Structures are given as structure tokens and as C-alpha cells.
Amino acid sequence: MAKKWMMAAACLGLMAALAGGCGGGDKKDTKAAGGDGKVYELKIGTSQTEQALITRNYQKLADELNKRSKGRLKVTVYPAGQLGSDEDMLEQGIQGANVAVNTDASRMGQYVKDFSILMMGYFADNYDECYKVTQTKTFKSWLDKLDKEHGVKVLSSAYYDGPRSFFTNKPINSPADLKGQRIRTIGQAVTTKSVAAMGATPVSMSWGEVYNGIQSKAIDGCEVQNTSAYPSKTFEVAKYMTKTEHFQLMQGLICGSKWFNTLPADLQKLLVETADEIGRETAKDVIKEANADEEKMVKAGLKVSVPTDLDAFKKSVDPVYDELGYTKLRAELYKEIGKTK
């Protein structure tokens with residue numbers, strides 16, 4: 019009997035040794051792959067609805083990162099302001115929280131002023147020109163300053179939500195037609211001053227209040243991109259769209275440098291490269307969807323026109339470049355990307 023127990027114990031010991039050997043091999047492989055078994059979580063927040071294109075593409079980004087990192091990155095998307103306002107999330111990120119948020123150039127301009135030029139009236143004619151700017155040495159120097167001096171890491175500057183135009187209840191053919199019109203715009207100096215230069219009275223209010231604001235005549239209209247105008251049903255309360263396309267809404271996905279710097283180097287590289295890849299794809303999708311949204315709004319009764327005096331709109335914002343100190347910078351960036359005015 020004792021002999022049987024001894025044989026059983028020996029077998030168990032051999033099994034344990036084999037199991038230990040297998041376990042040690044797995045641990046070694048994980049370490050060799052650059053992993054320490056730790057899972058890094060990132061929460062991507064946006065004020066856009068779950069159905070919005072930008073939200074859907076952030077979900078695509080999350081899925082790709084979860085897959086490509088083999089679970090080492092756990093990325094979750096929180097739409098409709100679930101994590102708070104964009105400003106709140108940005109501040110949380112700067113303090114070290116594991117959050118990322120989509121934002122526009124004017125908000126980044128609060129930290130490094132030069133970013134805001136991307137949101138100036140008629141700075142660029144289309145997405146491709148804007149993207150070229152993000153690849154310049156000048157732009158990359160802003161990214162470096164934002165990171166080192168303000169603790170904000172830009173994961174990608176490739177995101178885009180389309181050109182913005184005026185939605186009103188009267189035809190707009192020239193800046194003179196905007197006189198006295200209270201138009202909701204983004205509450206930053208570059209946008210409010212540009213809208214004012216084009217003849218309107220700029221009004222800052224949250225996007226969620228715009229539909230009721232126009233309906234109640236608290237405001238006369240807004241300037242917005244198609245990918246927001248259609249899902250928000252702005253066309254129900256503003257019957258005219260004037261295709262001025264005065265702002266090109268470039269966006270970036272940003273997080274706090276503190277959290278980003280906790281990631282292993284391979285995950286940092288993966289996060290930046292994948293965010294930029296999906297950002298480029300998103301821009302292409304936005305351009306297609308913006309055109310499709312316009313067609314849907316026209317079918318619903320929206321009257322769309324291009325102003326007869328578009329050059330007057332473009333010339334009207336030139337003094338704002340002088341006022342805000344962007345005239346020289348505009349010329350330098352145009353030279354870098356090979357653009358003539």
C-alpha cells in the first residue's frame with residue numbers, strides 16, 4: 019500500500035514539474051513579446067451620439083486596438099458626453115486619467131495658439147490641404163510643445179468632420195445678407211471673429227440647444243457641418259443651407275501625456291499609428307457621408323445654394339488674420355504645403 023502511495027506521489031510530482039515547465043514557458047513568451055501581463059485601459063469620450071459617424075469610427079479604432087494589442091490595450095468608447103464635457107475630459111487627461119477625447123484645432127489653440135489657424139475662415143479649401151499642414155515641420159513643432167509644456171498628447175491629427183456652412187431661414191448670397199442674423203458658432207475667438215467678419219452676430223451655445231434655439235427664434239441659425247446637421251435634424255427648423263464652407267473642421271484625438279507615457283513603447287507606437295490610420299479612413303467616410311446627408315436633407319425640403327458672391331465671404335475674413343496675428347503664419351504654412359492663396 020505504501021509503495022502505491024509513493025508511486026502516486028511521484029506521478030503527481032512529475033505532472034507538477036511538467037505543468038510548472040509549461041507555465042514558465044508561457045511567462046517567458048509573454049515577456050519576450052514586450053508584455054508584462056498588464057492590461058492598459060483607455061476610455062475614448064465624445065459628445066457625439068452613438069449613431070454619429072465619428073463615434074462609429076472611434077468604435078472601429080477601439081476594436082482594432084483591442085485586436086492588434088492582443089488584449090494588452092482595452093479601449094472603450096463612451097458617446098453622448100457620458101464622461102463629461104470635452105473640456106472636463108481634457109483636464110482629466112492632463113491630470114493623468116486614462117481618457118482620450120476628440121477635439122478641434124481651436125481648443126488645442128488654447129494651449130498653443132498657432133493650432134487655431136486651422137479653424138480660421140477660409141484657411142484651407144479642403145481636407146487634403148489641412149492634412150498636408152499636419153505633416154509640416156511647423157505643425158509637428160506645435161505637437162511637441164503641446165506635449166512637453168502642457169501635458170497633452172495628440173494621438174492623431176487626421177480626423178475630419180467636414181466643411182461648415184450656414185443654416186438659416188432666409189437665403190444668404192453675400193455677407194450683407196447675414197447682417198443682424200444671430201448665428202450659433204463654436205465659442206472660440208477664431209470662429210466668433212470670423213463669423214462676425216462675414217456679417218453675422220455670433221452666438222455661443224451648446225450644440226444640444228441649437229434646434230430649440232432656432233425653433234424659438236432665440237437664434238436665427240447656425241453654421242455647422244452636414245454630418246451634424248442631418249442627424250440633429252437642423253434642417254427641420256432652418257430651411258436654407260448656404261454652402262460657404264468657411265471652416266474645415268479638422269479634429270484630433272488627444273489624451274494626457276502622463277497616461278500615454280505609462281505605456282510600453284510598442285503600445286505607444288501601436289496606439290499612434292492605428293489612431294492615424296483610422297483617422298484617415300474616417301475623413302474619407304465623412305466626405306462621402308456629408309454628400310449623402312446633403313442629398314437626404316434636400317429630399318426633406320432643405321434649399322441648398324452656393325452664394326453668388328463667394329469671393330466677398332473669403333475677403334471678409336482677411337482682417338481677422340491681421341487682428342489675431344495669423345497673416346505671417348498663414349503665408350509660411352502655405353509655402354510649406356505649396357499652396358497659393
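So in my numbering, spot 5 of the sequence shown is number 23, and the numbers just go up one at a time.
For glycine and all other residues, C-beta sits at the position ideal for the given N, C-alpha and C.
What you are looking at is a predicted structure, and each value in this text was computed from that prediction instead of being measured.
Rounded to the nearest whole angstrom, the CA to CA distance from S275 to Q113 is 9 Å. When E291, V151, P325, A247 are compared, the shortest CA-CA separation from Q66 is found for A247. F265 and C273 have their C-alpha atoms some 24 Å from each other. R200 has T219 as its beta-bridge partners, per DSSP.
Counting C-beta pairs closer than 8 Å gives three or more between the segment 187-195 and the segment 327-337, which meets the contact rule. Annotated as distal: Q199 and T209, with beta-carbon spacing of 8 Å or more.
Between the C-alpha atoms of M137 and T262 there is a straight-line separation of about 14 Å. Counting only the Cα atoms, K287 lies some 38 Å from M223.
Assigned with DSSP and collapsed to three states, G111 falls in helix. Just measuring C-alpha positions, the residue of A218, T245, P249 sitting nearest I237 is A218.
Secondary structure at G180: strand, using DSSP grouped into helix, strand and coil. Linking K346 to T245 through their CA atoms gives a straight-line distance of about 33 Å. Spatial neighbours of D303 in its own chain (CB-CB distance under 7 Å, excluding positions within 5 residues in sequence) are listed in chain order as L71, N75. Separation of Y58 and G297 (C-alpha to C-alpha, rounded to the nearest whole angstrom) is 22 Å. Within the same chain, E82, L83 come within 6 Å of T292 by CB-CB distance, once the 5 residues on both sides are set aside.
Between N116 and W277, the C-beta gap is smaller than 8 Å, which places the two residues in contact. The closest CA to that of N309, considering only M107, H168, Q153, D179, is found on D179.
When only Cα atoms are considered, K158 and F184 end up about 32 Å apart. Residue Q243 holds the alpha-carbon nearest to the alpha-carbon of T260 among P249, S250, Q243. Annotated three-state conformation of L101 is coil, per DSSP. Counting along the chain, the unbroken beta strand (DSSP E) around A118 starts and ends at 117-122. Straight through space, the alpha carbons of I135 and L161 are spaced by roughly 14 Å. For I272, no alpha helix (DSSP H) segment is defined; the enclosing uninterrupted segment is the beta strand (DSSP E) at 258-274.
Where I62 is concerned, the enclosing beta strand (DSSP E) starts and stops at 58-63.
Collapsing the DSSP output to three states places S334 in a helix. With the rule of 3 Cβ pairs closer than 8 Å, the segment 119-133 counts as touching the segment 160-175.
A318 sits exposed, since fewer than 16 C-beta atoms from the chains shown fall within 10 Å of its C-beta.
Residue burial annotation: K155 is exposed, with fewer than 16 other C-beta atoms found within 10 angstroms of its C-beta. Straight-line measurement puts the Cα of K171 at about 31 Å from the Cα of K359.
Under the DSSP assignment, E354 falls in the alpha helix (DSSP H) whose first and last residues are 345-355.
For L91, the uninterrupted beta strand (DSSP E) run begins and ends at 91-96, by DSSP. For S323, the beta-bridge partners assigned by DSSP are T260. Rounded to whole angstroms, the gap between the alpha carbons of Y339 and N230 is 33 Å. Looking at the backbone, the Cα of R202 and that of G89 are separated by about 43 Å. With contacts defined as CB atoms closer than 8 Å, T121 and V95 fail to qualify as a contacting pair.
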